[in-house]
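Those sequence lines, one after another, are chains A and B.
First residue of the first sequence: 13, per this note's numbering; consecutive thereafter.
First residue of the second sequence: 1412, per this note's numbering; consecutive thereafter.
The beta-carbon is built from N, C-alpha and C at its ideal position, and this holds for glycine as well.
The structure under discussion appears below in the form of structure tokens.
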Amino acid sequence: MNQLQNYLWLLPVLPLAGALLNGILALAGADTDEGPSRGLSGFFGTVAAGGAFVLTLLLALSLHPNAVFAQAPWTWIDAGSFKVAFGFSFDSLTAMMLLFITGIGTLIHFYSIGYMAEDRGFARFFAYLNLFLASMIVLVLGSNLLMTFIGWEGVGLCSYLLIGFWHKEEANNNAARKAFLVNRAGDLGFLLGTIALMALMGSQASLEYSAISAWFRDASHAALFAAGTTGAGLLLASTLLIFLGCTGKSAQIPLLTWLPDAMAGPTPVSALIHAATMVTSGVYLLARLSDMFVRSPLTLSVIAGVGIATALWAAVAGLFQNDIKKVLAYSTVSQLGYMFMAAGVGSFDASLFHVFTHAFFKATLFLGAGSVIHAVGGEQDMRKMGGLWKKLPLTFLAMAAGWYAILGLPLGAGFWSKDLILERAYGSSPLLYGLGLLTAVITALYMTRLMILTFFGKGRDEKLTAHAHEAPFTMTLPVVLLGLGALGVGFFWAGMIPGLDSFHQMLSPVLSPAQSFWARGNEAEEGSALLFAAIGTLAALVGAGIAWAIWSKAKIEAVGSSAPKGFGAFWTFFFDYIHGIFIAATKALAWIGDKIVQTVIFNGLLALLIYAVGMVGDAVRSLQRSRLRVNLGLSLCGLVLLLAFFLLGAW
Amino acid sequence: MTAISALNVQFLALLLFCIGLATTLTRRNLFFILMGVEIMLNAANLSFVGFSRTFAAAASMEGLVVPVFVIALAASEACIGLAMIILVFHSRESVDSDAYSRMKE
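As structure tokens, this is what we get:
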């Protein structure tokens, strides 16, 4: 075994220390107008993230694919046969997740030094960002469901703090609260699902992932959740509830309305939390519990259906947005839908591969959008931009790389992962494939629209675009690096370059038992990979061509707010309306609770209780009056009773 | 001289104790309460002396010695008790125990 595995605890502790240091700095500089030293807090924040990345890299390099690094600093809960360790485990799935979380995280920390340079809350921002990274690492590194839940709640908290980072505007606070509350609904599903899982496992209940996987892989347990038994119901409830938790965190139907609103936060936050890392934790959890999910085919079909519905809906919604970040937000929701669809057809490795590639190209696009917003002085409405490619050549090239990757054009990152997902979807159901392809066309449509409106044509608002300038070095470097990643990371599954094609083999020890179990019951038709790639590329080109035909010459007027109108607004806020029904029902329930249950029943009972206590009190008070003879008599009675109890009771 | 039965002595002690207790509990006059306490103490003394007759030599001495201490105790108790009665009588002009039930007021 490796010496390095004793330092697993350092992974979350490094960013946590960065968060503490930055928190202290922020407090220390609270009284000054300038705030604490930006150099110092940016340095601490980035170094903490970079340190975690280097450590992850060392661990990942020394990890044998079949091995697991595990460390449990202490036992958390010890109640009879039920034990929960405060444990970390580092297997190939964790390694893959952590590599891009800490890697992209470090780049985004670095980017933030430039992006937030003018902001008074610089140190506070880095404290939150580091805290987020620590929580995310705990989420992925935890060896059991409860550890993951700590991280799950931690990233939720940091998401809330960072969406509402500019808290002087009420809209930002509302967005933060919305994200927090919607996620809370999902978290309830996570907890209840965990409890249902424990009930299913009965006497062998354990929260450790290794134990859960082993329990489900043991064929002798299959009878416990065979069709028609209580166990089958528990399994269904558990998988559906945990999936509900995933929809909350990963912005899927029905809990998806918070993510577009979350764009109220600073752009690096949108890139890190709401595109690359936190929102993919739902996919991670599905893969972690893949052994459980493949044993519930109904849930998997639900996941696939929800995934493709979300992908399609969000892609269309993305078409109607004028806010550059909103387009990317709906695009993220749509791409997450692809990942869930892949998980739903039992291809957890494909969904994780899309998580991986998506992290790169979406972070590129968000950071590029951040550079654009920075260049035009905070304006986010694309209708006021235009013609920016000459002013921001580096940003343009990087974003073009991201655009190339998300469209799935040949050899870009999305080419490998999206086509892989579509190929697997075809094997499961041609309908899923068709809808997926349609989504790909619309994806090309809205992404090309974004590029055209932002970078091509004439500057439509001279005030903004005339003074546009390339961002400082700290911002362009991460964008360019991520842009290169967006072009290149697909080759980890390409099989074109020997030795680099490592992704599949790397995840195989964790995922293959579940996937081969699934494949046994669902013989997939093998299609020609080349044909799928050709059709996928064609779909992207069609979308891009339509977009070019519509928008390259279109007259666009920048009037009013950037929010969509008419049908676009209906489509965009459709799920907000649906939520409105539930909220109204909840409010009605709350009214009943307040006026009837609280006022009539509880207050009535309380008044009765008060009256009874008063009566008894009056009765007893007469005994307490200072009458010497009464007191003496009562104490004598007490003495006699005590004597009787001890003397007679001894027999 | 006919020997007194040990049991009868104890019965007498019990009777005395009950008289003392009843006096303490029922009378309101402070002097009578004090007297009741004295009677109970003496009933205990009588019980000790009675047992010293029936028990073996080693234990019998103790039964004779304890009453001596109790008599000393009773004397000091009477002394302090009477002094206190005189003092409280000065303030309330009464020897009724219930008149002193609100001392803290």
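Practice prompt. Can you grab the Cα-Cα spacing for the pair A:Ile-604 / A:Ile-595, in whole Å?
Written response: 14 Å
Fill in: Spatial distance of A:Phe-453 from A:Gly-446 (CA atoms)
The sequence shown places Val at residue 453 of chain A, not Phe. Going by the C-alpha atoms only, they are around 11 Å apart.
Worksheet entry | Closest by C-alpha distance to A:Arg-4, when choosing among A:Ala-561, A:Ala-556, A:Asp-230 | Since the first and last residues shown for chain A are 13 and 663, residue 4 of chain A lies out of range.
Item to complete: Compare the Cα-Cα distances from A:Gly-163 to each of A:Val-291, A:Ile-175, A:Leu-377, A:Leu-450 and report the closest residue.
Response: A:Val-291
Discussion item. Between A:Ala-375 and A:Ala-234, how many whole angstroms is the CB-CB distance? I'm expecting something under 8 Å.
Written reply: The pair is not a contact, with the Cβ atoms about 42 Å apart (cut-off 8 Å).
Worksheet item: Nearest-angstrom Cα distance between A:Ser-574 and A:Met-353?
Response: 31 Å
Worksheet entry | C-beta neighbour in chain A for B:Ser-1505, strict 8 Å | no
Discussion item. Distance cutoff 8 Å, beta carbons only. Does B:Ala-1455 sit that close to anything in chain A?
Written reply: no
Worksheet item: List, in order along the chain, the chain B residues whose C-beta lies closer than 8 Å to that of A:Leu-644?
Response: In chain order: Thr-1435, Leu-1436.
Fill in: CB contact flag (A:Phe-467, A:Leu-400, <8 Å)
yes
Item to complete: Can you tell me which of A:His-286, A:Lys-95, A:Asn-34 puts its alpha carbon nearest to the alpha carbon of A:Ser-215?
Response: A:Lys-95
Worksheet item: Got a sec: is the Cβ-Cβ distance from B:Glu-1516 to anything in chain A below 8 Å?
Response: Interpretation of B:Glu-1516 is limited by its pLDDT of 48, a score under 50 that renders its predicted location unreliable; the figure taken from the coordinates is listed afterwards. Not closer than 8 Å to any Cβ of chain A, the Cβ of B:Glu-1516 fails to qualify, so no.
Item to complete: Would you mind listing the beta strand (DSSP E) stretches within the stretch 173-212 of chain A that are 3+ residues and don't spill past its ends, in chain order?
Response: none
Fill in: Straight-line Cα distance separating A:Val-339 from A:Leu-331
7 Å
Worksheet entry | Interface residues of chain A facing B:Ser-1487 [CB-CB closer than 9 Å] | Result: empty, since nearest Cβ-Cβ is about 21 Å, beyond 9 Å.
Item to complete: Whole angstroms is fine: what's the gap from A:Val-522's alpha carbon to A:Val-295's?
Response: 14 Å
Practice prompt. Please state whether DSSP places A:Gly-414 in a helix, a strand or coil.
Written response: helix
Worksheet item: Between the C-alpha atoms of A:Tyr-438 and A:Trp-560, what's the straight-line distance to the nearest angstrom?
Response: 29 Å
Item to complete: Compare the Cα-Cα distances from A:Gln-15 to each of A:Ala-42, A:Leu-119, A:Leu-26, A:Phe-81 and report the closest residue.
Response: Of the listed residues, the one whose Cα sits closest to A:Gln-15 is A:Phe-81.
Item to complete: Compute the Euclidean distance between the alpha carbons of A:Leu-653 and A:Leu-204, then round it to the nearest angstrom.
Response: 52 Å
Worksheet item: How far does the alpha helix (DSSP H) with A:Phe-237 in it reach, from first residue to last?
Response: Segment: none, A:Phe-237 is in no alpha helix (DSSP H) and carries neither H nor E.
Worksheet item: Is it true that the CB of A:Val-318 sits closer than 8 Å to the CB of A:Gln-264?
Response: yes
Worksheet item: Looking at the structure shown, is A:Glu-220 part of a helix, part of a strand, or coil, going by DSSP?
Response: Judged by DSSP in its simplified three-state form, A:Glu-220 adopts strand.
Worksheet item: What does A:Ala-97 pair with, by DSSP beta-bridge criteria?
Response: A:Thr-87
Fill in: Straight-line Cα distance separating A:Gly-154 from A:Met-459
36 Å
Worksheet item: Can you tell me whether DSSP reads A:Ala-82 as helix, strand or coil?
Response: The three-state secondary structure of A:Ala-82, taken from DSSP, is strand.
Discussion item. Give me, in chain order, the residues of the same chain whose beta-carbon lies closer than 8 Å to that of A:Asn-78; leave out the 5 immediate sequence neighbours on both sides.
Written reply: Pro-521
Worksheet item: How many angstroms separate the CA atom of A:Ala-341 from the CA atom of A:Val-194?
Response: 16 Å
Worksheet item: Under the three-state reduction of DSSP, which class applies to A:Phe-102: helix, strand or coil?
Response: In the structure shown, A:Phe-102 adopts extended strand secondary structure according to DSSP, grouped into three states.
Discussion item. Alpha carbons only, please: which of A:Thr-451, A:Gly-414, A:Asn-18, A:Ala-40 is nearest the one belonging to A:Ala-326?
Written reply: A:Thr-451
Discussion item. On the DSSP letters alone, give me the boundaries of the alpha helix (DSSP H) that A:Lys-374 sits inside.
Written reply: 360-387
Practice prompt. Check whether the Cβ atoms of A:Gly-502 and A:Leu-423 sit closer than 8 Å, and answer yes or no.
Written response: yes
Worksheet entry | Proximity of A:Ala-60 and A:Pro-48 at Cβ, strictly below 8 Å | no
Worksheet item: Grouping DSSP H, G and I as helix and E and B as strand, with all else coil, what is A:Gly-349?
Response: helix
Item to complete: Could you tell me whether the Cβ atoms of A:Ala-371 and A:Phe-112 are closer together than 8 Å?
Response: yes
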